[in-house]
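Okay, structure first, notes after.
2 protein chains.
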Amino acid sequence: MRIGELAKKTEVPARMLRYYEEQGLISPRRLDNGYRTYDDYLVDRVRKIRGLVDSGIPTRIISNILPCLDQPQTIVVKNAEPGLRELLVTERDRMSEKIDFLIHNRDSITRYIEAIDRATVSPRQTSRAS
Amino acid sequence: MRIGELAKKTEVPARMLRYYEEQGLISPRRLDNGYRTYDDYLVDRVRKIRGLVDSGIPTRIISNILPCLDQPQTIVVKNAEPGLRELLVTERDRMSEKIDFLIHNRDSITRYIEAIDRATVSPRQTSRAS
DNA sequence: TTCGACCTTCACATTAGTGGCAACGTTGAG
DNA sequence: CTCAACGTTGCCACTAATGTGAAGGTCGAA
Chain A
1 MRIGELAKKT
11 EVPARMLRYY
21 EEQGLISPRR
31 LDNGYRTYDD
41 YLVDRVRKIR
51 GLVDSGIPTR
61 IISNILPCLD
71 QPQTIVVKNA
81 EPGLRELLVT
91 ERDRMSEKID
101 FLIHNRDSIT
111 RYIEAIDRAT
121 VSPRQTSRAS
Chain B
1001 MRIGELAKKT
1011 EVPARMLRYY
1021 EEQGLISPRR
1031 LDNGYRTYDD
1041 YLVDRVRKIR
1051 GLVDSGIPTR
1061 IISNILPCLD
1071 QPQTIVVKNA
1081 EPGLRELLVT
1091 ERDRMSEKID
1101 FLIHNRDSIT
1111 RYIEAIDRAT
1121 VSPRQTSRAS
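Okay, structure coming up:
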């Protein structure tokens, strides 16, 4: 598919898709006329990129871990670059920290919302009737 | 405490603490000589700020949800600003999405690491002995 | 008085995007 | 075929957010 279609499917502006290519995150092939052409699997990939960027992971890191996020790992692993495993472990642990942290704070927010609701729905009387 | 001590305790450079103040995330009092002075509870607060920023939450949002992350909610809730609840719900849901996404991808990375290990430790023989 | 910690202020750096433009490709109507 | 409308391309510059560096001055203890 061409860039416009991918933009619609992923909700990511075409402008941004070119930017991600510039950053080395996606590498579409080209048609004879120079237009970029994207394979279907890139739809998922672009969504992953968005999520990772939104989660505060820099594109430099993303480009390293992206190949590891696809399902059939068994084939790719053959060329195990030396530093890769270490990088992955580091990044995974960083993600785990982030997850724990986000869960903790999300739950704090949830409790706060509940406190608001309690304070709002019945500030003066214990709503006995419907 | 003064800024240097807070910087040590939080691992956040003094320069950055001034920046966060500029962004309205912390409001230290001042001594007679103009030095900033920080209460103990700000240590936790600064760590929270770091975590939230690292998780891709913009400071503009952080300044809104920070007051809700402290433990004793019951007192603060009295002045329930109208839009606050909605903002909190939105932000909490956004955090939940981020959490799910991070968990999913962290697990993918973990599986990939395991695949590397399997491919590395015994590429040719099924390691029968220790 | 000297030195380290702190102050303000201005400027610069990096990351992640966005805007605008001129030129070219594609497609469908007349 | 020609023309208009629209998608695409490359390019350059610009914005916004998050920091960082450095100059030049002040505070207070040794």
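Protein chains in written order, with the working numbering: chain A, 1 to 130; chain B, 1001 to 1130. For each residue, glycine too, the CB sits at the ideal point set by N, CA and C.
Check: Spatially closest choice to lysine 9 (chain A) from A:Ser55, A:Cys68, A:Asp40, by CA coordinates; Outcome: A:Asp40
Check: C-beta neighbour in chain B for arginine 47 (chain A), strict 7 Å; Outcome: no
Check: Exposed unless 16 or more other CB atoms sit within 10 angstroms - verdict on glutamate 81 (chain A); Outcome: exposed
Check: Three or more C-beta pairs below 8 Å linking the region 1036–1051 of chain B and the region 1002–1017 of chain B; Outcome: yes
Check: Euclidean distance between Cα positions of serine 1127 (chain B) and alanine 1115 (chain B); Outcome: Caution is warranted here: a pLDDT of 45 is assigned to serine 1127 (chain B), below 50, making its placement in the model unreliable, and the coordinate value is therefore given only provisionally. Taking the straight line from one Cα to the other gives about 15 Å.
Check: Every unbroken alpha helix (DSSP H) within the region 59–127 of chain A, with a cutoff of 4 residues, ordered by chain; Outcome: 59–65, 73–76, 82–121
Check: DSSP three-state assignment for arginine 159 (chain A), whether helix, strand or coil; Outcome: Lying outside 1 to 130, the shown extent of chain A, residue 159 (chain A) is not represented and no answer is given.
Check: Buried or exposed by the 16-neighbour rule on C-beta atoms within 10 Å, applied to leucine 42 (chain A); Outcome: buried
Check: Partners in chain B for arginine 85 (chain A), counting only beta-carbon separations shorter than 7 Å; Outcome: Ile1113, Ile1116
Check: Buried versus exposed, by CB contacts within 10 Å (16 or more), serine 55 (chain A); Outcome: buried
Check: Candidates B:Arg1047, B:Thr1110, B:Val1012: closest to leucine 1190 (chain B) by CA position; Outcome: Any question about residue 1190 (chain B) goes unanswered here, given that chain B covers just 1001 to 1130.
Check: Contact set between lysine 9 (chain A) and chain B, taken where Cβ atoms lie within less than 7 Å; Outcome: Within 7 Å Cβ-Cβ: nothing; lysine 9 (chain A) doesn't reach chain B, min ~18 Å.
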